[in-house]
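In the UniProt record's numbering, the protein residues as written are 1 to 289.
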Amino acid sequence: MTDIALATCADLPSLVDDDASFVEALRNRGATVDPVVWSDDAVDWSDYDVVVVRSIWDYYERPAAFSQWVDELAAAPCDVWNRPDLLRWNSHKFYLRDLADSGVPTLPTAYVDRGSDVSLAALFEDRGWEELIVKPAVSAGAFETRRIASDDADAAQPWVESLVADNDLLVQEFAADITAGEWSLVFFGGEYSHAVVKRPEAGDFRVQEEYGGSVHVETPSDGLRTQAKHVVDVITDRFGGAPRYARVDGIERAGTFRLVEVELIEPELFFRVDPAAGERLADLVVPPN
1 MTDIALATCA
11 DLPSLVDDDA
21 SFVEALRNRG
31 ATVDPVVWSD
41 DAVDWSDYDV
51 VVVRSIWDYY
61 ERPAAFSQWV
71 DELAAAPCDV
81 WNRPDLLRWN
91 SHKFYLRDLA
101 DSGVPTLPTA
111 YVDRGSDVSL
121 AALFEDRGWE
131 ELIVKPAVSA
141 GAFETRRIAS
151 DDADAAQPWV
161 ESLVADNDLL
171 VQEFAADITA
181 GEWSLVFFGG
191 EYSHAVVKRP
201 EAGDFRVQEE
211 YGGSVHVETP
221 SDGLRTQAKH
231 VVDVITDRFG
241 GAPRYARVDG
251 IERAGTFRLV
261 EVELIEPELF
271 FRVDPAAGER
281 LADLVVPPN
């Protein structure tokens with residue numbers, strides 16, 4: 001029997017409903033499956049054969065504690081999904097620069113180190129942008145993320161200076177075409193599984209459901225799937241092995257897939273849109289006899 005911990009956060013001690021088919025598939029394979037709060041100091045992770053990181057959606061609020069936890073997982077005699085080195089790399093959004101340097105099309109981005117002098121007015125002038133997005137490099141769920149127009153640069157400058165005092169930042173050209181939808185393509189073991197399109201509420205740019213965004217089941221073209229898989233392949237080459245699960249988020253522009261984010265830590269995997277998706281991932285965790 002395989003003992004599996006599905007790591008979650010204190011606010012979601014029973015996981016999210018979307019993971020139900022995955023949990024059922026694991027249990028149908030004879031595994032013992034426990035939702036376990038990642039930040040619970042009383043947990044001995046070596047009690048488990050496998051730790052699958054799922055809904056640890058507050059990790060970015062406690063980066064030092066998260067880093068310590070990843071170190072604990074790396075030292076424990078259990079299999080960690082995803083691997084600790086992937087978790088560390090993906091927890092800081094400057095990974096996008098690594099992928100861009102490897103030829104992955106991304107959004108035009110300025111990477112700003114913590115404590116740096118940054119002038120929004122100068123960025124607008126130098127880059128020729130009309131609108132931009134500012135976000136911390138360690139964040140999730142549109143936390144501290146703002147859309148700023150060039151006319152509002154001076155008014156927003158004090159906020160940016162306050163944010164960069166304590167955070168590395170990404171400053172990106174606003175992608176107006178995100179209103180047409182942001183693709184999320186899910187890969188298990190480096191192979192395509194399923195996809196959805198997330199669309200923001202009218203007048204907003206955030207695709208998260210808590211901000212009014214919606215999820216739509218759509219089938220990506222072969223070309224889009226190939227380009228999204230290329231992102232996973234680049235990561236596979238970099239780390240010497242494919243992520244056990246990955247959600248590749250991006251927009252399609254003139255036939256080119258432009259990466260917005262790749263989620264390797266705690267992505268919603270949209271099991272609910274594909275009845276067989278939970279089975280596919282469970283087959284990797286507990287291979288059939």
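Where a beta carbon is used, it is the ideal one built from N, C-alpha and C, also for glycine.
Euclidean distance between Cα positions of residue i and residue j
i    : j    : result
T2   : A156 : 52 Å
R146 : A10  : 27 Å
V104 : L26  : 34 Å
G241 : E191 : 12 Å
A282 : L123 : 46 Å
G189 : D237 : 13 Å
Y60  : F66  : 8 Å
F187 : A246 : 5 Å
I178 : H230 : 21 Å
V285 : V50  : 8 Å
D19  : W57  : 14 Å
A42  : W129 : 50 Å
D152 : Q68  : 39 Å
P136 : L185 : 24 Å
Residue(s) in a DSSP beta bridge with residue i
i    : result
V51  : A5, V80
K198 : E182, V215
F187 : Y192, A246
I148 : L132
Residue closest to residue i, alpha-carbon to alpha-carbon, out of the options
i    : options                : result
T226 : G255, D113, C78        : G255
H92  : G213, W159, I265, E279 : I265
D17  : R280, L169, E263, F270 : F270
G278 : V43, H194, R62, P243   : H194
V23  : R54, D44, T106         : R54
V260 : E182, A140, V286, P77  : E182
V80  : D151, A20, A7, P13     : A7
D222 : E252, D44, E131, A180  : E252
E125 : E173, L185, E144       : E173
A121 : N289, G115, D85, P158  : P158
Local conformation of residue i per DSSP, three classes
i           : result
F22         : helix
residue 354 : Past the edges of the chain, shown from 1 to 289, lies residue 354, and the structure says nothing about it.
Q227        : helix
P220        : coil
P287        : coil
R29         : coil
Q68         : helix
Min CB distance residue i to chain C below 8 Å
i   : result
D71 : This model lacks chain C altogether, as it is built from one protein chain only.
Alpha helix (DSSP H) runs contained entirely in the stretch 88 to 133, provided each spans 4 or more residues: 95 to 101, 120 to 127
task: Report the residue ranges of all beta strand (DSSP E) runs contained in full by the stretch 234 to 284; include only those spanning at least 3 residues, in chain order.
output: 245 to 253, 256 to 263
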